[in-house]
């Protein structure tokens with residue numbers, strides 16, 4: 001069974017989590033058999049390690065981490081690979097793959113551009 | 001003529017800007033008559049005031065600011081309204097409206113969820 005971890009930045013404001021929870025709920029309703037968890041880089045919890053263990057605990061034998069960041073900076077290019085390498089070293093039986101950020105996905109850039117265009121029409 | 005300002009967080013890594021530049025280019029190619037500029041909250045430039053003045057300089061008589069943030073935390077709920085109020089006070093002849101963040105737009109949550117689902121299929 002394949003597990004999904006949605007990885008976001010985190011913030012002090014609890015409302016920060018709302019879009020990520022909404023994405024999780026949408027994915028879960030389409031694929032209820034896939035264990036899915038949110039994870040946060042900082043401030044909010046759970047962190048990435050705890051979320052990965054949660055989806056493994058629900059039966060995931062492989063995992064994809066989706067960084068729900070608009071763009072790639074130091075957090076995704078330096079922090080995340082380091083955190084993920086440490087996690088992988090302790091869980092060699094569960095392959096963990098890493099997707100790109102939202103802003104590197106052409107169809108999502110199209111969707112955001114369409115939203116902007118529709119709002120100024 | 002309506003102007004568009006795409007407002008992003010900013011980061012030390014110059015690649016951070018790439019998705020925002022891609023969105024700007026997509027919008028510009030569909031609506032070449034609308035002045036459009038990127039703006040950053042921190043680290044990168046231009047800031048919001050400079051970007052707004054740039055689109056006014058290109059002939060915008062009203063402006064919409066699109067916060068290209070995944071979610072709303074302190075930056076959008078406290079910092080941005082304060083910055084925008086100060087800018088508006090100096091430019092009362094140009095109405096400046098503010099859109100919601102990416103993560104508060106249902107069709108963009110759908111698009112992100114669809115991307116996640118397609119990648120785990």
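Chains as they are written, first to last, in the UniProt record's numbering: chain Z, 1 to 121; chain G, 1 to 121.
Glycine residues also receive a C-beta, built at the ideal position from the N, C-alpha and C atoms.
Just so it is clear, the structure is predicted and the values come from calculations on it, not from any experiment.
Any C-beta of chain Z under 8 Å from that of residue i
i: residue 48(G); result: no
i: residue 23(G); result: yes
i: residue 13(G); result: yes
i: residue 56(G); result: no
i: residue 77(G); result: yes
i: residue 93(G); result: no
i: residue 52(G); result: no
i: residue 65(G); result: no
i: residue 32(G); result: no
i: residue 113(G); result: yes
i: residue 185(G); result: The question about residue 185(G) has no answer here: the residues shown for chain G are numbered 1 through 121.
i: residue 5(G); result: no
Interface flag, residue i vs chain G, CB-CB below 8 Å
i: residue 8(Z); result: yes
i: residue 70(Z); result: yes
i: residue 110(Z); result: yes
i: residue 98(Z); result: no
i: residue 59(Z); result: no
i: residue 82(Z); result: no
i: residue 104(Z); result: yes
i: residue 35(Z); result: no
i: residue 87(Z); result: no
i: residue 117(Z); result: yes
Straight-line gap, residue i to residue j (C-alpha atoms, nearest Å)
i: residue 26(Z); j: residue 57(G); result: 43 Å
i: residue 61(G); j: residue 43(Z); result: 41 Å
i: residue 35(G); j: residue 29(G); result: 11 Å
i: residue 3(G); j: residue 54(G); result: 10 Å
i: residue 124(Z); j: residue 92(G); result: Because chain Z is modelled from 1 through 121, residue 124(Z) falls outside the range shown and cannot be assessed.
i: residue 114(Z); j: residue 82(Z); result: 35 Å
i: residue 121(Z); j: residue 22(G); result: 20 Å
i: residue 90(Z); j: residue 78(Z); result: 19 Å
i: residue 32(G); j: residue 1(G); result: 11 Å
i: residue 105(Z); j: residue 64(Z); result: 16 Å
i: residue 119(Z); j: residue 5(Z); result: 31 Å
i: residue 24(G); j: residue 84(Z); result: 32 Å
i: residue 94(G); j: residue 59(G); result: 11 Å
i: residue 69(G); j: residue 107(Z); result: 17 Å
Sequence-distant residues of the same chain with beta carbon closer than 8 Å to residue i, five excluded per side
i: residue 46(G); result: 37, 38, 39, 40 and 54
i: residue 87(G); result: 48, 49, 52 and 96
Beta-carbon separation (whole angstroms), residue i vs residue j, contact threshold 8 Å
i: residue 122(G); j: residue 19(Z); result: Missing from the structure shown is residue 122(G); chain G here goes from 1 to 121 and no further.
i: residue 111(G); j: residue 111(Z); result: 4 Å
Cutoff 7 Å; reference residue i; Cβ partners in own chain excluding five residues on either side
i: residue 67(Z); result: 7, 76, 80, 99 and 101
Residue i Cβ short of 7 Å to the ligand ZN heavy atom set
i: residue 28(Z); result: Among the ligands in the structure shown, none appear at all, so the ligand ZN cannot be discussed.
Same chain only: Cβ atoms within 6 Å of residue i, ignoring 5 sequence neighbours per side
i: residue 9(Z); result: 41
With three or more beta-carbon pairs closer than 8 Å as the criterion, would you say the stretch 13-23 of chain Z touches the stretch 55-74 of chain G?
Contact between the stretch 13-23 of chain Z and the stretch 55-74 of chain G is present, with at least three C-beta pairs closer than 8 Å.
Practice prompt. Taking 8 Å as the threshold, find out whether the stretch 100-110 of chain Z comes into contact with the stretch 45-52 of chain G through three or more Cβ pairs.
Written response: Counting C-beta pairs closer than 8 Å gives fewer than three between the stretch 100-110 of chain Z and the stretch 45-52 of chain G, which falls short of the contact rule.
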